[in-house]
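Reading through the structure tokens given below for one structure.
Protein chains in written order, with our numbering: chain A, 1 to 118; chain B, 1 to 114.
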């Protein structure tokens with residue numbers, strides 16, 4: 001049930017690009033992307049909603065393929081500050097009867113460790 | 001901008017003791033979530049509250065309980081602590097006004113059970 005991320009780890013030089021994939025075996029309503037540095041809180045990057053558009057800002061963008069239940073995070077011209085563990089958080093379809101059908105809870109993926117070197 | 005506040009930041013307890021973790025959501029956020037993250041693991045959803053009522057439940061042990069108060073802060077009560085409860089406990093908050101429900105995480109409470 002836990003989404004699988006690939007690759008598990010990646011090492012980049014500053015300025016290189018990377019793609020992180022998140023694949024779920026279950027239908028999804030939304031995918032959230034977070035970056036977490038060791039011992040710190042996950043930091044929200046972006047959310048992609050079912051039926052929504054590809055999102056991004058500057059050098060970090062993401063896509064969501066609802067049919068394949070997959071999402072990808074694109075990091076371009078990586079910086080040292082991009083280092084950390086990236087998690088996708090998946091939200092199942094909002095078909096519950098409680099509070100408008102929102103399920104809210106996130107099921108986090110297996111994580112991708114990204115190290116950017118000078 | 002104001003962020004989620006958690007207290008305490010670090011807590012050391014012995015087996016079979018009890019612990020209470022507190023979470024103060026971002027102002028005007030109405031939903032609170034609790035997650036547990038073991039070493040090298042991904043965050044695991046425990047429980048969430050919306051407008052002081054439990055809205056979803058995950059892998060929360062029966063020894064744990066939680067509630068959300070009228071000022072929207074939340075407390076996670078943990079009893080009969082076990083060594084395996086040692087972890088980072090994160091609280092996150094969101095607002096239903098945004099519809100997309102982005103969750104913003106607090107700095108976490110590191111619980112060590114000895």
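From the three backbone atoms N, C-alpha and C, an ideal C-beta is built for every residue, glycine too.
(Q) Across the segment 105-118 of chain A and the segment 11-27 of chain B, are there enough close Cβ pairs to call them in contact, namely three or more that are closer than 8 Å? (A) no
Q. Considering only C-alpha positions, which residue in the set 112/B, 26/B, 107/B, 108/B is nearest to residue 101/B?
A. If you number the second chain from 1, residue 101/B lands on position 101. Nearest of 112/B, 26/B, 107/B, 108/B to residue 101/B, Cα basis: 26/B.
Q: Can you tell me which of 4/B, 84/B, 45/B, 70/B puts its alpha carbon nearest to the alpha carbon of residue 58/B?
A: Counting from 1 along the second chain, the entry for residue 58/B is found at position 58. The option with the nearest alpha carbon to residue 58/B is 45/B.
Q. Looking at the structure shown, is residue 84/B part of a helix, part of a strand, or coil, going by DSSP?
A. Start at 1 with the first residue of the second chain, and residue 84/B comes out as number 84. If DSSP states are grouped into helix, strand and coil, residue 84/B belongs with the helices.
Q: With distances taken Cα to Cα, identify the nearest neighbour of residue 48/B among 113/B, 86/B, 29/B.
A: Position 48 of the second chain holds residue 48/B. Of the listed residues, the one whose Cα sits closest to residue 48/B is 29/B.
Q: At 8 Å on the CB atoms, spell out the chain B contacts of residue 107/A, in chain order.
A: Here residue 107/A refers to the residue found at position 107 of the first chain. Neighbours of residue 107/A on chain B, chain order: 45.
Q: Check distances from the C-beta atoms of the segment 51-62 of chain B to those of chain A and list, in chain order, the residues that come in under 9 Å.
A: From the segment 51-62 of chain B, only 51, 53, 55, 56, 57, 58 have a Cβ closer than 9 Å to chain A.
Q. Do we get a CB-CB distance below 8 Å when we pair residue 104/B with the residues of chain A?
A. The sequence position of residue 104/B within the second chain is 104, counting from 1. So yes, residue 104/B belongs to the interface.
(Q) My output table needs one value for residue 56/B: the three-state DSSP class, helix, strand or coil. (A) By 1-based counting over the second chain, the position of residue 56/B is 56. Residue 56/B: strand per DSSP, three-state reduction.
Q.
For a contact defined as C-beta to C-beta under 7 Å, what are the partners of residue 92/A on chain B?
A. Translated into the one-based positions of the first chain, residue 92/A becomes position 92. Neighbours of residue 92/A on chain B: none; closest Cβ ~10 Å, over 7 Å.
**Q.** Beta-carbon neighbours of residue 112/A, restricted to chain B and to distances below 8 Å
**A.** For the purposes of this step, residue 112/A is identified with residue 112 of the first chain, where counting begins at 1. Residues of chain B with a Cβ closer than 8 Å to the Cβ of residue 112/A do not exist; the shortest Cβ-Cβ separation is about 11 Å.
Q: Verify the CB distance criterion: does residue 98/A have a CB-CB separation below 8 Å to chain B?
A: In the first chain, residue 98/A corresponds to position 98, counting from 1. In this predicted model, residue 98/A has a pLDDT of only 46, less than 50, meaning its place in the structure is not dependable; the value taken from the coordinates is given anyway. With 8 Å as the cut-off, residue 98/A counts as an interface residue toward chain B.
Q) Distance, Cα to Cα, residue 97/A vs residue 55/B? A) Sequence index remark: in the first chain, residue 97/A carries index 97 (1-based). Sequence index remark: in the second chain, residue 55/B carries index 55 (1-based). For residue 97/A, the predicted structure reports a pLDDT of 47, less than 50, and the residue's modelled location is therefore unreliable. The matter cannot be settled from this model.
Q | Cβ neighbours of residue 75/B in the same chain (closer than 8 Å, five flanking residues each side left out) | A | On the second chain, residue 75/B is found 75 positions in, with the first residue counted as 1. Cβ neighbours of residue 75/B beyond the five flanking positions: 20, 21, 22, 23, 66, 67, 69.
Q. Closest to residue 5/B by CA distance: which of 52/B, 105/B, 114/B, 111/B is it?
A. Reading the second chain from its first residue, position 5 is the one you call residue 5/B. Minimum Cα distance to residue 5/B is reached at 105/B.
Q: Reducing DSSP to helix, strand and coil, say where residue 96/B ends up.
A: Against the second chain, residue 96/B aligns to sequence position 96. Helix at residue 96/B.
(Q) Quick check on DSSP: helix, strand or coil for residue 80/A? (A) Translated into positions along the first chain, residue 80/A becomes position 80. Here residue 80/A sits in helix by DSSP.
(Q) Once the 5 residues before and after residue 107/B are set aside, which same chain residues still bring their CB inside 7 Å of it? (A) Translated into the one-based positions of the second chain, residue 107/B becomes position 107. Here the set comprises 6, 9.
(Q) On the DSSP letters alone, give me the boundaries of the beta strand (DSSP E) that residue 12/B sits inside. (A) By 1-based counting over the second chain, the position of residue 12/B is 12. 10-13 is the span of the beta strand (DSSP E), which, as asked, contains residue 12/B.
Q: Compute the Euclidean distance between the alpha carbons of residue 51/B and residue 34/B, then round it to the nearest angstrom.
A: For the purposes of this step, residue 51/B is taken as residue 51 along the second chain, with counting starting at 1. For the purposes of this step, residue 34/B is taken as residue 34 along the second chain, with counting starting at 1. If you take the alpha carbons of residue 51/B and residue 34/B, they lie about 15 Å apart.
Q | Beta-carbon neighbours of residue 32/A, restricted to chain B and to distances below 8 Å | A | Here residue 32/A is taken as the residue at index 32 of the first chain, counted from 1. Chain B residues near residue 32/A: 102, 103.
Q.
Classify residue 42/B: buried if its beta carbon has 16 or more other beta carbons within 10 angstroms, exposed otherwise.
A. Taking the first residue of the second chain as 1, we reach residue 42/B at position 42. Classification for residue 42/B: buried.
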